[in-house]
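*Asks:* Under the working numbering, the first residue of the sequence shown carries the number 15, and numbering increases by one thereafter. Have a look at the structure that comes next, please.
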Amino acid sequence: MSDSFMKKLSEFYPAILSGILVVLAFPKPDVSSLAWVGFVPLLLSFWDKKPDRAFVTGYAFGMVYFFGTLYWIYHSINHFGGVSFLSSIALVFLLCGYLSIYPAIFSYLVTVLINRTKLPASLIAPVFWVVLEYLRSYAFTGFPWASIGYTQYRFLPMIQVADITGIYGISFLVIAFNSAIVDVFLLKKRTKVMPLFPASYSIAGIAVVAAALLISLGYGALRLGQNRPGAPVRASVVQGNIEQDKKWEPAFQNEVLSTYFGLSKEAALQTPQFIVWPETSVPFMFGYDGMLSEELIQFQKGLGAYLLFGSVRVQERTKEKTLLTNSAILLDPSGKSIYIYDKIHLVPFGEYVPLRSVLFFVDKIAAGIGDYVAGESYLRAGTDFGSFGTLVCYEIIFPGMVRKFYTKGGDFMVTITNDAWFGRTAGPYQHFSMAVFRAVENRKPVIRSANTGVSGFIDSNGRILSTTPLFTRQVLTDTIKTDKTLTFYTKYGDLFSYFCIVISILLLINIRLWR
């Protein structure tokens, strides 16, 4: 290789290093502290760099960052979608290629401002990062997976402020800390290039970041020390560990039901008020398959507890089409169906094909007997021990959606999922960690039932009470404490992100003012 080629390649070393450090901060391996320094190499590389080169550098960072955190998507495409290994990896790269546009734009904007203005990186970088992370959460149906703030799900004192700012506030703090380190390193260089550069700008930026971190930690200590009123709810989650490729085969129908019946009898011995089965846990269509539906109801009557389970439901069936919903159904102790929630946010290419008239040649990755339609109502279930909303599968990763269940009250949160699609990769662990933030944002304890794990319980401060390992067949019983708190975030949503959007626009409009 020529020296010129190696020199060009070396330009991307900081971006690759930052990408690796950030990836390591996520579950697994979960070295969360690396997120607080992981962006430093990338941000330092922007100094004295042309914006177009910074864009390319940021794109390279994004490819490492997103592929390292989202590689597990290949597993469902390869194992259950009938796509070859190489093709499934190529599809993941395609997704990462799109997602990498966001850190590329971030890199471009930060480079423009850090080289043309007197503003410190600690003001510029976190604002733009939050704006682009927020946009990524909603653009093209949204994909907020791997937001930087999620790396801190175990740092309880720091993340309590999410009940005001949402997950984006935690991302802001992480990027701000990285940027403050960069300001220290760049102080002499910027002063040398800009003789009139006031060092006070950088010092002020560092001081603001330090104050924000201390205030957040103080607020976290206050929240963690509160004894908010609430009532105990004893619940059991059933982890059936049903093999994904056998789940819908008629020959295994009775075996699946027997598994859930047996585990639920085991759970009943611990006298729970509430038993939760995973997403689409019943191997038939509740209410449509009459005999099996009645068998389930008769069994549930003997449990002495409410039962929430996931089921596919038939909305419409003709010779031409079958329309289905991915639903959660609650039976009271008498066997009466008192609550049905139809999943609102469907998985693109898994439960439906977006722009089907254009992408007519694309089929769903998840094999099924019909197309799924989205629900429309943010329904909460009412029980003797409190009310709750149900989030099905990856609905839990959308903070703006989850809060809508609790704007008029509520006591706790239930999420049911089937992460068997992702095997023993990092996917199930990342998915579980996001539920911690929904608990904190809305001050609602979480009950999570997953077919193959991770199932568990989280309190309204985000503390993980108990979990199951992956791919075990078991019952987990614990007691949560209801929480009626109506948080700032629940009431007003992503005002913090909107504030960052306004600031970013002002920065770009008035760029000459800051020179």
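For each residue, glycine too, the CB sits at the ideal point set by N, CA and C.
Verify whether the separation of the beta carbon atoms of Thr431 and Ala464 is less than 9 Å.
*Replies:* For Thr431 and Ala464, yes; Cβs fall inside 9 Å.
*Asks:* Mapping DSSP to helix, strand and coil, what is Ile34?
*Replies:* Correct three-state label for Ile34: helix.
*Asks:* Figure out for me which residue from Ile128, Ile184, Phe510 has the closest Cα to the Cα of Ile525.
*Replies:* That would be Ile128, whose Cα lies nearest to the Cα of Ile525.
*Asks:* The alpha helix (DSSP H) spanning Ile523 covers which residue range?
*Replies:* Taken as a continuous stretch (DSSP letters only), the alpha helix (DSSP H) holding Ile523 covers 509-523.
*Asks:* In this structure, does DSSP put Glu365 in helix, strand or coil?
*Replies:* Reduced to three states, the DSSP call for Glu365 is coil.
*Asks:* Just to confirm, is the Cβ distance from Phe446 to Trp86 under 9 Å?
*Replies:* Not a contact, by the Cβ cut-off of 9 Å.
*Asks:* Kindly indicate which residue of Lys42, Ser151, Phe53 has the alpha-carbon position closest to the one of Arg35.
*Replies:* It is Leu, not Arg, that sits at residue 35 in the sequence shown. Comparing Cα-Cα distances from Leu35 to each of Lys42, Ser151, Phe53, the minimum goes to Phe53.
*Asks:* By Cβ distance below 7 Å, which residues in the same chain neighbour Thr125 in space, the five residues on each side in sequence not counted?
*Replies:* Around Thr125: Phe60, Lys63, Pro65, Ala68.
*Asks:* Is the region 142-161 touching the region 474-486 in the sense that three or more CB pairs, one from each, lie closer than 8 Å?
*Replies:* No, because fewer than three Cβ pairs between the region 474-486 and the region 142-161 fall closer than 8 Å, the two stretches do not touch.
*Asks:* Look at the Cβ atom of Met299, then the Cβ atom of Arg327, and state whether they are nearer than 9 Å.
*Replies:* Against a cut-off of 9 Å, the Cβ pair of Arg327 and Met299 comes out as a contact.
*Asks:* For Thr179 versus Tyr512, is the C-beta distance shorter than 9 Å?
*Replies:* For Thr179 and Tyr512, no; Cβs fall outside 9 Å.
*Asks:* Which class does Val454 belong to by DSSP, given the choice of helix, strand or coil?
*Replies:* Residue state, collapsed to three classes: helix.
*Asks:* Please list the terminal residues of the continuous alpha helix (DSSP H) segment that includes Arg130.
*Replies:* Run containing Arg130: 115-130, per the alpha helix (DSSP H) assignment.
*Asks:* Could you give the residue range of the alpha helix (DSSP H) that holds Asp66?
*Replies:* Segment 65-84, the alpha helix (DSSP H) holding Asp66.
*Asks:* Mind checking Leu490: buried by the 16 CB within 10 Å criterion, or exposed?
*Replies:* Buried, since its Cβ has 16 or more Cβ neighbours within 10 Å.
*Asks:* Determine the DSSP secondary structure at Phe426, reduced to helix, strand or coil.
*Replies:* DSSP places Phe426 in strand when its eight states are reduced to three.
*Asks:* Closer than 8 Å by C-beta to Thr501: which residues in its own chain qualify, once you throw out the five before and the five after it? Chain order, please.
*Replies:* Cβ neighbours of Thr501 beyond the five flanking positions: Asp177, Ile178, Glu455, Asn456, Arg457.
*Asks:* Going along the chain, which residues of its own chain have a beta-carbon closer than 7 Å to the beta-carbon of Ser307, five neighbours each way excluded?
*Replies:* So the qualifying residues of the chain are Phe300, Gly301.
*Asks:* Check whether the Cβ atoms of Ser536 and Tyr167 lie closer than 9 Å to each other.
*Replies:* One cannot answer for residue 536 here, as it falls past the ends of the chain, which runs 15 to 529.
*Asks:* With C-beta atoms as the reference, is Ala235 less than 9 Å away from Ala190?
*Replies:* Contact flag unset, no.
*Asks:* Quick one: grab the DSSP three-state call for Ile354.
*Replies:* Ile354: strand per DSSP, three-state reduction.
*Asks:* Taking buried to mean at least 16 other C-beta atoms within 10 Å of its own C-beta, is Ser371 buried or exposed?
*Replies:* The predicted model places Ser371 with a pLDDT of 48, which falls under 50 and marks its position as unreliable, so this point remains unresolved.
*Asks:* May I have the straight-line CA-CA distance separating Glu280 from Tyr73, to the nearest angstrom?
*Replies:* Looking at the two C-alpha atoms, the distance is approximately 51 Å.
*Asks:* Within 10 angstroms of the Cβ of Arg242, are there 16 or more other Cβ atoms? Answer buried if so, exposed if not.
*Replies:* Label assigned to Arg242: exposed.
*Asks:* Of all the alpha helix (DSSP H) runs that stay within the bounds of the region 163-234, which reach a length of 4 or more residues?
*Replies:* The region 163-234 contains these whole alpha helix (DSSP H) runs: 170-173, 176-179, 181-207.
*Asks:* Taking Cβ to Cβ, would you say Phe75 is nearer than 9 Å to Gly111?
*Replies:* The answer is no: Cβ separation not under 9 Å.
*Asks:* Alpha carbon to alpha carbon, how far is Gly232 from Thr336? Give it in angstroms, no decimals.
*Replies:* Going by the C-alpha atoms only, they are around 54 Å apart.
*Asks:* If you drop the 5 nearest sequence neighbours on each side, which residues of the same chain put their C-beta closer than 6 Å to that of Leu521?
*Replies:* So no residue of the chain qualifies.
*Asks:* Run through the DSSP bridge pairs and tell me what Ile289 is partnered with.
*Replies:* Answer by DSSP bridge pairing, in chain order: Ser250, Leu321.
*Asks:* Please classify Glu269 as buried or exposed, where buried requires at least 16 other C-beta atoms within 10 Å of its C-beta.
*Replies:* Label assigned to Glu269: exposed.
*Asks:* Please report how far the alpha carbon of Ser24 lies from the alpha carbon of Val141, in whole angstroms.
*Replies:* Taking the straight line joining both Cα atoms gives about 28 Å.
*Asks:* Helix, strand or coil, according to DSSP, for Asn340 in the structure here?
*Replies:* DSSP places Asn340 in strand when its eight states are reduced to three.
*Asks:* Going by the beta-carbon positions, is the gap between Leu277 and Gln444 smaller than 9 Å?
*Replies:* No, the pair does not count as a contact, with Cβ atoms beyond the cut-off.
*Asks:* Go ahead and pull the three-state DSSP assignment for Ser307.
*Replies:* Helix.
*Asks:* State buried or exposed for Phe199, treating a residue as buried only when at least 16 other CB atoms are found within 10 Å of its CB.
*Replies:* With fewer than 16 other Cβ atoms within 10 Å, it is exposed.
*Asks:* With DSSP run on the structure shown, which of helix, strand or coil describes Ile383?
*Replies:* Annotation note: pLDDT 46 at Ile383 (below 50); position unreliable, coordinate value reported separately. DSSP places Ile383 in coil when its eight states are reduced to three.
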